[in-house]
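Step one of this worksheet: look at the structure below.
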Amino acid sequence: MQKLVGSFAEAVRDIPDGATIAIGGFAHPGTPFNLIRALAAQGARDLTCIANTTGGAQQPRMPDIGLLVEQGQVRKVICAFTAATRPTDVLPFTQHYEAGAVEAELVPQGTLAERLRAAGAGIPAFYTPTGVGTELAEGRETRMIQGREYLLEYALPVDVALIRAHRADAMGNLRFHRSQRNFNPLMAMAARTAIVEVEEEILPAGAMDPDDVHLSGIFIHRMIRVPPSPEGLWPTRREERAR
Amino acid sequence: MSERKGWNRQQIADRLAREFQDGWIVNLGVGMPTLCSNTDIGDRRVIYHAENGVIGYGPVAAPGEEDFNLVNAGGQNVTLLPGAAVVHHADSFAIIRSGRIDVTVMGAYEATCNGDFANWKLAGQKGGGIGGAMDLAVGAKRVFIMLEHRTRDGKPRLLERCTLPVTARGVVTLVATDLGLFAPTGEGFAVRDLASGVTLEEVRGATGCPVTG
């Protein structure tokens, strides 16, 4: 039951081509920069990647899903944004998408979260009011329930989740800091293998108050501590991103 | 210096923010809607909810004071006010879909007199940016839309029917533009307020459906 692994490379070594990977984070908080860098180096291809966005302009110290797209490792993305929020922005993803090199499934953000939650909760599908009457609902099953129309959505199970947390103990119990939590617990729950990079020194069992655990170690399979910068990758302020 | 007729962006935001009532849970969309947090609404207190699960955030952190693990929906390093809480994404959107948000303020490309709006995909665009907009649109108790009254080519953005793919149908409560504040009535828009120097005739000329005074 040893969950601690010795390196980021070891943490992602067995991820096969064609795997479905959920990548945590909302903007920078909770993004597993170090595991993403390791997966880019590992080179698995034909991946389906689930994340909130398709990634921003790439910053070497804060890689996101966009790095994997740029390297041609991604066959399909499942995201709440498949275009820039400002139409004038050109994302690395956009060029690959418009060239037909990557497929995309666009999912409302709350539906994305709930599909992951459902997958981790043993629920195969659910009805939601979100998306009814829109292009996303065309040709899909809806149902009237108590006078309101709902859209059927399916659970989204994943092979591997890559997430980041603030604190962990040897059991894999996790605590997140501030908005680092976002999709991360849901992605870990949806995954057959959940891998977490942890900001603090990993504590012995019993050192975390059970009431302070945000995600049970039951859902976590591998962990590794993020070393201090420059060896480890950490979020920084905007001005430093360009460097 | 020539005086610009109508409201600027901050004034559009101010007009909507003045509708906020004490104790409301408010979700501000990225971009123009964040200007609503600058408005002085007296002693009324609202709680800001961000889709990434931050409830009760405050102003953007001063340089050097940022917590890089704390952002609002726009990715800004904000601060937390006393009484704030953080939840994960499924709980954040449970709050949204279950009707706990009193108002969401969103930007849009188009809004219609039957309460539809469009804000996630431009004509001819491959893909789009939905984010939390579709969930907020169907879940929030009120949907306030802010947008320029006309496109850069002078075409109306307040219409009978959206020309772009809709975000949700029949949900818009109020629309604020540079020309005023309007409520969709089904057949047209009812003027709730006109911007300084703007006449009803001007609004009618700039709107793609009937406008009642």
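So the sequences go chain by chain: A and B.
Numbering (our numbering) for the first sequence: 1092 to 1334.
Numbering (our numbering) for the second sequence: 4 to 216.
Heads up, the beta-carbon is just placed ideally off N, CA and C, and yes, glycines get one too.
Specify, as a first and last residue, the run of the beta strand (DSSP E) that residue 30/B falls within. 28-31
Helix, strand or coil: how does DSSP classify residue 1244/A here? strand
Residues of chain B with CB closer than 8 Å to the CB of residue 1125/A, please, in chain order. Going along chain B, no residue has its Cβ under 8 Å from residue 1125/A, so there is no contact; the nearest lies around 15 Å.
Range covered by the alpha helix (DSSP H) that runs through residue 1189/A: 1183-1189
Which residues of chain B have a Cβ atom closer than 7 Å to the Cβ of residue 1230/A, listed in chain order? Here the premise fails: no neighbours, minimum Cβ distance about 15 Å.
Beta carbon of residue 1154/A, beta carbon of residue 1270/A: below 8 Å? no
For a contact meaning CB atoms closer than 7 Å, what does residue 1273/A contact in chain B? 55, 56, 91, 92
Pairing CB atoms from the segment 169-178 of chain B with CB atoms from the segment 136-154 of chain B, are three or more of them under 8 Å? yes
How many angstroms separate the CA atom of residue 1163/A from the CA atom of residue 1227/A? 27 Å
Within 9 Å of chain B by C-beta, residues of the segment 1186-1205 of chain A in sequence order: 1188, 1189, 1195, 1197, 1198, 1199, 1200, 1201, 1202, 1203, 1204, 1205
In the DSSP assignment, what are the bridge partners of residue 188/B? Residue 188/B is not bridged to any residue.
Taking residue 1276/A as the query, report the chain B residues whose CB atoms sit under 7 Å from its CB, ordered along the chain. 91
How should residue 1214/A be labelled, buried or exposed, when 16 other C-beta atoms within 10 angstroms of its C-beta is the threshold for buried? exposed
Could you check what DSSP says for residue 156/B in three-state terms: helix, strand or coil? coil
7 Å CB neighbourhood of residue 1330/A in its chain, flanking five on each side removed: Bear in mind that the predicted position of residue 1330/A carries a pLDDT of just 49, short of 50, making it unreliable; the figure below should be weighed with that in mind. So the list is empty, once near-sequence residues are dropped.
From the DSSP output, in three-state form, read off residue 88/B for me. strand
I'd like the span of the alpha helix (DSSP H) that includes residue 1206/A, first residue to last. 1200-1212
Determine whether the beta carbon atoms of residue 1220/A and residue 1241/A lie at a separation below 8 Å. yes
By how many angstroms is the C-alpha of residue 1318/A removed from the C-alpha of residue 1130/A? 17 Å
For residue 72/B, would you say it is in contact with chain A, using Cβ-to-Cβ distances shorter than 8 Å as the test? yes
Suppose the cutoff is 6 Å on Cβ atoms and the five residues either side in sequence are ignored; what does the same chain contact list for residue 50/B look like? 28, 59
Closest to residue 139/B by CA distance: which of 202/B, 109/B, 34/B, 212/B is it? 109/B
Can at least three beta-carbon pairs, one atom from the segment 1158-1173 of chain A and one from the segment 94-110 of chain B, be found at a separation below 8 Å? no
Could you tell me the distance, in whole angstroms, from the CA atom of residue 164/B to the CA atom of residue 1190/A? 32 Å
Given residue 1294/A, which residues of its chain have a CB within under 8 Å of its CB, disregarding the five upstream and five downstream residues? 1258, 1259, 1260, 1261
For the segment 1206-1226 of chain A, enumerate the residues whose C-beta is nearer than 8 Å to any C-beta of chain B, in chain order. 1207, 1208, 1219, 1220, 1221, 1222, 1223, 1224, 1225, 1226
With 9 Å as the limit, tell me which residues of the segment 169-185 of chain B have their beta carbon closer than that to any beta carbon of chain A; keep them in chain order. 169, 170, 171, 172, 173
For residue 1302/A, does the count of other Cβ atoms within 10 angstroms reach 16, so buried, or fall short, so exposed? exposed
Reference residue 202/B; option with closest CA among 188/B, 186/B, 36/B, 182/B: 182/B
Residue closest to residue 65/B, alpha-carbon to alpha-carbon, out of 81/B, 73/B, 55/B, 103/B: 81/B
Per DSSP, the bridge partner or partners of residue 115/B: 162/B
In terms of residue numbering, what span does the beta strand (DSSP E) encompassing residue 1286/A cover? 1282-1289
For residue 5/B, I'd like the list of residues in its chain whose CB is within less than 8 Å of its CB, leaving aside the five on either flank, ordered along the chain. Only weak support exists for where residue 5/B lies, its pLDDT of 44 falling under 50; the coordinates are left without a value.
Would you give the residue range spanned by the beta strand (DSSP E) that residue 1099/A belongs to? Per DSSP, residue 1099/A belongs to no beta strand (DSSP E); it is in the alpha helix (DSSP H), 1099-1103.
Provide the residue span of the beta strand (DSSP E) that contains residue 137/B, from first to last. Premise fails: residue 137/B lies in the alpha helix (DSSP H), 136-142, not in any beta strand (DSSP E).
Given this structure, state the Cα-to-Cα distance separating residue 111/B from residue 125/B, to the nearest angstrom. 11 Å
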